[in-house]
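Take 4 as the starting number for the sequence shown in this note's numbering and just add one per residue. Cβ coordinates follow ideal geometry from the N, Cα and C atoms, glycine included. Note that the structure is a prediction, hence the values are computed from the model and not measured.
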Amino acid sequence: MSLRAKAGAVSDGEYSGGFLTRSTFTGDFNGDRNYLAGKGITFDATMTQVEQGVVSGGKNGEWEYGGRGDVIGVLDTQKLGLWPGGFLTAELEGNWSDSVNFKTGALSPPNENQLFPLPSGDNIALPALNFAQFLSHYAGVVVGKLDVMSADNNEFAHGKYGKGDTEFLNTSFNVNPVALMAPYSTLGTGVIVLPTADPHQAIVQFSVLSATGKPSTTGFDNFKGAIFGSEGRVRTDFFGLTGHQLVGGMYSNRQYTSIDQRLGFVIENQALVKHDGTWAVYYNFDQFLYETDKAAGNGVGLFGRFGASAGNPVPAQYMYSLGVGGKGLIPTRDLDRFGIGYYYLSINNPTLQTPIGTTSFLRDEWGFEAFYNVALTPWLLVTPDVQVVGPTQKHRIVTGPLGKPGLDPEFIGTATVLGVRIQLIL
4 MSLRAKAGAV SDGEYSGGFL TRSTFTGDFN GDRNYLAGKG ITFDATMTQV
54 EQGVVSGGKN GEWEYGGRGD VIGVLDTQKL GLWPGGFLTA ELEGNWSDSV
104 NFKTGALSPP NENQLFPLPS GDNIALPALN FAQFLSHYAG VVVGKLDVMS
154 ADNNEFAHGK YGKGDTEFLN TSFNVNPVAL MAPYSTLGTG VIVLPTADPH
204 QAIVQFSVLS ATGKPSTTGF DNFKGAIFGS EGRVRTDFFG LTGHQLVGGM
254 YSNRQYTSID QRLGFVIENQ ALVKHDGTWA VYYNFDQFLY ETDKAAGNGV
304 GLFGRFGASA GNPVPAQYMY SLGVGGKGLI PTRDLDRFGI GYYYLSINNP
354 TLQTPIGTTS FLRDEWGFEA FYNVALTPWL LVTPDVQVVG PTQKHRIVTG
404 PLGKPGLDPE FIGTATVLGV RIQLIL
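Written as structure tokens, this is what we have:
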């Protein structure tokens, strides 16, 4: 999993300028924000709202509105006049209202923005509070509470923090589902290696994370195993065009509840079947095919992902995705982005063995998404979005005779999800 310091994503550049042309809605606070940034104190704040509806298929055709606020603050010890190479990072996020994530029958939530912090829905938490210290231009260490959603970074399919707030909304286009065995907010420590001293050229990370972290707790009182992970990303220049190659993997020694259960064992032992350890490997690439402005990252290109896991306890055993993304293709629209993608999840279908037979609940999943992110100003982004998903869940759970739960004999159909996202950069 990635340990990319949030400090690298928070700009200490100019917040000044006219209301419609500056980088943030609130501006520079009469020069104070630029002054603080120059002294090593920065913060990055956003408010992202999403309205989505399942217009056909799925489990429920309702429309839902929800939002998330996120604030990331960074202290740079060198700019503060203390010592070089130190970064203290804190993140506060909260969400409100609801989403269509449980209305499609899909394993991959169509509104990742509304997932965080967990549990979703009218919740505030502190997912990150950590300190990174670079020992040289080539290596550093980090320790504390980490928000690991910055892992699996991709130029066209990840967004700024991997949380569905700037590019694709569907989770499978922002982070590899096989890697979701790790809590997104957890205690951890790691080593960051910069082979060329430039994190944009190459970065390698090694980490040890708690396997049971939550954004709403410290994590010190609930340690039940560890996750060992590594990830590397390198910039390429094939045919003079920018691209990236990324590979990662992780192993957990935690004991999990197995997704496969035998009713006789459960009754006899008064316990669910357990599964010891799990693993996952993942890969992604992005490659520009045409660049209008290499320095600004404008152009159009391809992206793709592949992942494999043990399939237990995370049912996504294999996945792949392919798509096209771009930024600033239209003259005078340098900040606009777009993306079109397809993903496929091969599911390790869990089974329940009973005296009358074996029941399976899931099927493989596929999905399509297209979005266009319109930058009305540098700080106000409006994104129409459409998704078509063949969901994992086969049947609805309904109330049968005598009030007992049962399965609806009709299959859950392909879901079409329409929506719009509005982001305000504060």
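Residue i, enclosing beta strand (DSSP E) - first and last residue
{"i": "Tyr18", "result": "Premise fails: Tyr18 is in no beta strand (DSSP E) and is neither H nor E."}
{"i": "Asp79", "result": "Trp66 to Asp79"}
{"i": "Met50", "result": "Ile44 to Ser59"}
{"i": "Thr192", "result": "Ser188 to Val196"}
{"i": "Asn98", "result": "Gly89 to Ser100"}
{"i": "Arg308", "result": "Asn301 to Ser312"}
{"i": "Ala298", "result": "Careful: Ala298 lies outside any beta strand (DSSP E) and carries neither H nor E."}
{"i": "Ile428", "result": "Ala418 to Ile428"}
{"i": "Ala200", "result": "Neither: Ala200 is in no beta strand (DSSP E) and is coded neither H nor E."}
{"i": "Val151", "result": "Counting along the chain, Val151 falls outside any beta strand (DSSP E), and DSSP gives it neither H nor E."}
{"i": "Thr380", "result": "Glu368 to Thr380"}
Assigned secondary structure, residue i (DSSP; H/G/I helix, E/B strand, else coil)
{"i": "Pro180", "result": "helix"}
{"i": "Ala131", "result": "strand"}
{"i": "Asn157", "result": "coil"}
{"i": "Phe209", "result": "strand"}
{"i": "Ile270", "result": "In this prediction, Ile270 scores a pLDDT of 34, lower than 50, which makes its location untrustworthy; the coordinate-derived value is nonetheless stated afterwards. Of the three classes helix, strand and coil, the one that applies to Ile270 here is helix, per DSSP."}
{"i": "Asn352", "result": "coil"}
{"i": "Val145", "result": "strand"}
{"i": "Val103", "result": "coil"}
{"i": "Gln117", "result": "helix"}
{"i": "Gly167", "result": "coil"}
{"i": "Thr281", "result": "strand"}
{"i": "Ser139", "result": "coil"}
{"i": "Gly393", "result": "strand"}
{"i": "Phe242", "result": "helix"}
{"i": "Thr386", "result": "strand"}
{"i": "Val317", "result": "coil"}
{"i": "Ser26", "result": "coil"}
{"i": "Thr221", "result": "coil"}
{"i": "Ser175", "result": "helix"}
{"i": "Leu83", "result": "coil"}
{"i": "Asn63", "result": "coil"}
{"i": "Asn343", "result": "A small correction: the amino acid at residue 343 is Ile; Asn does not occupy that position in the sequence shown. It is a strand residue."}
{"i": "Gly328", "result": "strand"}
{"i": "Arg257", "result": "strand"}
{"i": "Asp125", "result": "coil"}
{"i": "Leu249", "result": "strand"}
Sequence-distant residues of the same chain with beta carbon closer than 8 Å to residue i, five excluded per side
{"i": "Ser233", "result": "Val207, Gln208, Phe209, Ser210, Gly251, Gly252 and Met253"}
{"i": "Asn272", "result": "At Asn272 the pLDDT is 35, less than 50, meaning the model places this residue with poor confidence; the figure from the coordinates comes in the next sentence. Here the set comprises nothing."}
{"i": "Ser19", "result": "Arg25, Gly30, Asp31, Gly34 and Asn37"}
{"i": "Leu383", "result": "Phe28, Ile425, Gln426, Leu427 and Ile428"}
{"i": "Arg238", "result": "His203, Gln204, Ala205, Thr245, Gly246 and His247"}
Contact belief for residue i with residue j at Cβ below 8 Å, rounded distance in angstroms
{"i": "Gln204", "j": "Phe241", "result": "The pair is not a contact, with the Cβ atoms about 15 Å apart (cut-off 8 Å)."}
{"i": "Asp155", "j": "Asn287", "result": "6 Å"}
{"i": "Thr174", "j": "Ser111", "result": "5 Å"}
{"i": "Val420", "j": "Thr107", "result": "6 Å"}
{"i": "Thr49", "j": "Asp73", "result": "5 Å"}
{"i": "Tyr347", "j": "Phe176", "result": "With a Cβ gap of about 12 Å, Tyr347 and Phe176 do not count as contacting."}
{"i": "Gly88", "j": "Phe137", "result": "4 Å"}
{"i": "Asn114", "j": "Pro120", "result": "With 8 Å as the limit, Asn114 and Pro120 do not qualify as a contact, their Cβ atoms being about 14 Å apart."}
{"i": "Ala109", "j": "Glu413", "result": "Not confirmed; about 17 Å, so no contact."}
{"i": "Gly222", "j": "Leu183", "result": "18 Å between Cβ atoms; not a contact."}
{"i": "Gly124", "j": "Asp101", "result": "6 Å"}
{"i": "Ala311", "j": "Val284", "result": "6 Å"}
{"i": "Val145", "j": "Phe159", "result": "About 27 Å; that fails the 8 Å criterion."}
{"i": "Gly307", "j": "Lys330", "result": "No, Gly307 and Lys330 are not in contact; Cβ-Cβ is about 18 Å, not under 8 Å."}
{"i": "Ser132", "j": "Ala185", "result": "Note that residue 132 is Leu in the sequence shown, not Ser. No, Leu132 and Ala185 are not in contact; Cβ-Cβ is about 18 Å, not under 8 Å."}
{"i": "Gly430", "j": "Gly416", "result": "With the chain running from 4 to 429 in the structure shown, residue 430 is simply not present."}
Opening and closing residue of the alpha helix (DSSP H) in which residue i lies
{"i": "Gly41", "result": "Asp35 to Gly41"}
Residues near residue i in its chain [Cβ-Cβ closer than 7 Å; skip 5 each side]
{"i": "Lys227", "result": "Ala214, Thr215 and Arg257"}
{"i": "Thr51", "result": "Gly70, Arg71, Asn116, Asp168, Arg424 and Gln426"}
{"i": "Ile343", "result": "Gly326, Val327 and Ala373"}
{"i": "Gly162", "result": "Asp168, Thr169, Glu170 and Asn177"}
{"i": "Asn225", "result": "Thr215"}
{"i": "Ile44", "result": "Leu78"}
Beta-carbon proximity list for residue i, same chain, < 6 Å, skipping 5 on both sides
{"i": "Leu365", "result": "Ile350, Asn352 and Thr395"}
{"i": "Tyr323", "result": "Phe309 and Tyr347"}
{"i": "Pro198", "result": "Ala205"}
{"i": "Ser188", "result": "Pro130, Asp150, Gly216 and Pro218"}
{"i": "Ser104", "result": "The sequence given here places Asn at residue 104; Ser does not occur at that position. Taken in chain order, the residues that qualify are Pro112 and Asn114."}
{"i": "Gln81", "result": "Pro87"}
{"i": "Asp388", "result": "Leu172, Phe374 and Gly422"}
{"i": "Val391", "result": "Phe371 and Thr419"}
{"i": "Asp279", "result": "Gln258"}
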